[in-house]
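In what follows, a single structure is set out as structure tokens and then discussed.
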């Protein structure tokens, strides 16, 4: 597992449906140090205890997907 050390702001948790009809969720973050917006796939049991617009700490898990590695979000908690 990986724990964030940067300064992030929780933007939102978005629910979507793929072209194949499979539901999935995305966690959207704002990186205030690098002026970037980041998004990660949410784990099935993601726990979000942070309010939108609030500084947060993120825990990610690395999962092998074919020949690449995917980072899925496990928790979003207040910083």
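In the numbering used here, the protein residues as written are 166 to 244.
The C-beta atom is built at its ideal place from N, Cα and C for all residues, glycine as well.
Out of the options, point me to the one whose CA is closest to residue i's CA.
| i | options | result |
| --- | --- | --- |
| residue 216 | 175, 205, 228 and 167 | 175 |
| residue 181 | 244, 206, 173 and 220 | 206 |
| residue 179 | 230, 173 and 194 | 194 |
Output the distance between the C-alpha atoms of residue i and residue j, rounded to the nearest integer angstrom.
| i | j | result |
| --- | --- | --- |
| residue 228 | residue 200 | 26 Å |
| residue 184 | residue 177 | 22 Å |
| residue 166 | residue 226 | 5 Å |
| residue 170 | residue 197 | 12 Å |
| residue 186 | residue 168 | 32 Å |
| residue 218 | residue 235 | 25 Å |
Assign residue i to one of two classes, buried (16 or more other C-beta atoms within 10 Å of its C-beta) or exposed (fewer than that).
| i | result |
| --- | --- |
| residue 240 | buried |
| residue 223 | buried |
| residue 189 | exposed |
Quick one: measure Cβ to Cβ for residue i and residue j, integer angstroms, because I've assumed they're closer than 8 Å.
| i | j | result |
| --- | --- | --- |
| residue 204 | residue 192 | 7 Å |
| residue 210 | residue 237 | Actually they do not touch by this definition, with Cβ atoms about 10 Å apart. |
Measuring only from the beta carbon, is residue i closer than 7 Å to any heavy atom that is part of the ligand COA?
| i | result |
| --- | --- |
| residue 192 | What this structure holds is no ligand at all, so the ligand COA is not there to describe. |
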